[in-house]
Amino acid sequence: MLGARMCALLFSRPVVDRRPVGKWPPSRRSPADRKGSSTSRKPMLFEILKTVHVLAAIAAFGANISYFVWFRRAVNNPEVRTYTLRTIKLMERAYVNPSYAVAGVTGLWLIQESHWEFTTPWVVVSIVMYLLMMALGITVYAPLMRRQIRLAESGGEDSGEYRKVDRLANSIAAALVVIVVFVVYIMTARPTLWG
1167 MLGARMCALL FSRPVVDRRP VGKWPPSRRS PADRKGSSTS RKPMLFEILK
1217 TVHVLAAIAA FGANISYFVW FRRAVNNPEV RTYTLRTIKL MERAYVNPSY
1267 AVAGVTGLWL IQESHWEFTT PWVVVSIVMY LLMMALGITV YAPLMRRQIR
1317 LAESGGEDSG EYRKVDRLAN SIAAALVVIV VFVVYIMTAR PTLWG
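If you want it as structure tokens, here you go:
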């Protein structure tokens, strides 16, 4: 419950509009919709979207953090290595990737429902980093996991190739965690990056 309260506090703080007058394109929303609030004309929808967005991000990130424990188990217990790697792959496919997809869709929907624009610097950086994370996960990390599982199943887990793939998979997993932490920081701090 403490985590939920912390998230509520972080995400419900009022947003200060730091845009210089006359230097930004006019907002699609009327001033009455934007006055002192980060929510849309439909505050209940905004709150539901925000809750789903935060829960999806927590679910996906929490599972990602657990991978380091799973990887350590795979290294230290060769007899359960294949099972452990297959479990990680199953978690990715059935739980983590759908959670990140829900976080992405609800994030875009939140921007649409709020007074923020898609050109707001912290929004741009968050979207770019999210797309980078998804591309890295799909094009690099997933193939590495499949290769690692094939090597473990064929009995090659003691080979130099398996250790190389394992190190690379762990490095990519760590990079993905850093990207997620950075995105969470950008979305909660909402720094003025340029403009």
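Mind the numbering: the sequence shown is residues 1167 to 1361 in my numbering, read in order. Even for Gly, the Cβ is constructed at its ideal location relative to N, Cα and C.
Worksheet entry | Alpha carbon of T1305 to alpha carbon of G1270, nearest angstrom | Counted from its first residue, the sequence shown places residue 1305 at position 139. Counted from its first residue, the sequence shown places residue 1270 at position 104. So the alpha carbons of these two residues sit roughly 18 Å apart.
Fill in: Spatial neighbours of Q1314 in its chain, beta-carbon cut-off 8 Å, leaving aside the 5 residues before and after
Position 148 of the sequence shown, counted from the start, is the residue given in the question as residue 1314. Excluding residues within five positions, the ones whose Cβ falls inside 8 Å are L1251, Y1328, V1331, D1332, A1335.
Worksheet item: At which residue ranges does the segment 1199 to 1267 contain complete beta strand (DSSP E) runs of 3 or more residues, listed in the order of the chain?
Response: none
Worksheet entry | Nearest residue (CA-CA) to A1318, options Y1266, Y1249, Q1278 | In the sequence shown, counting from the first residue as 1, residue 1318 sits at position 152. Comparing Cα-Cα distances from A1318 to each of Y1266, Y1249, Q1278, the minimum goes to Y1249.
Worksheet item: In this structure, does DSSP put T1285 in helix, strand or coil?
Response: Translated into the one-based positions of the sequence shown, residue 1285 becomes position 119. Note: T1285 maps to coil in three-state DSSP.
Item to complete: Quick one: residues in its chain with C-beta nearer than 7 Å to the C-beta of F1348, no 5 flanking neighbours on either side, listed in chain order?
Response: Here the question's residue 1348 lines up with position 182 in the sequence shown. Closer than 7 Å at Cβ, skipping near neighbours: M1295.
Worksheet item: With distances taken from CA atoms, which of V1289, A1225, M1257, A1240 is nearest T1354?
Response: By 1-based counting over the sequence shown, the position of residue 1354 is 188. The shortest C-alpha separation from T1354 is found at V1289.
Discussion item. At the level of alpha carbons, what is the spacing between D1324 and A1260?
Written reply: Start at 1 with the first residue of the sequence shown, and residue 1324 comes out as number 158. Start at 1 with the first residue of the sequence shown, and residue 1260 comes out as number 94. Looking at the two C-alpha atoms, the distance is approximately 29 Å.
Item to complete: Would you check if the distance between the CB atom of T1286 and the CB atom of H1219 is smaller than 8 Å?
Response: Translated into positions along the sequence shown, residue 1286 becomes position 120. Translated into positions along the sequence shown, residue 1219 becomes position 53. For T1286 and H1219, no; Cβs fall outside 8 Å.
Fill in: Pair within 8 Å by beta-carbon distance, I1224 and W1236
By 1-based counting over the sequence shown, the position of residue 1224 is 58. By 1-based counting over the sequence shown, the position of residue 1236 is 70. Taking 8 Å as the Cβ cut-off, I1224 and W1236 do not qualify as a contacting pair.
Worksheet item: What distance in whole Å lies between the Cβ atoms of L1359 and L1276, which are believed to be in contact at a cut-off of 8 Å?
Response: As a first step, residue 1276 is located in the sequence shown; it is residue number 110 there, counting from the start. As a first step, residue 1359 is located in the sequence shown; it is residue number 193 there, counting from the start. With 8 Å as the limit, L1276 and L1359 do not qualify as a contact, their Cβ atoms being about 19 Å apart.
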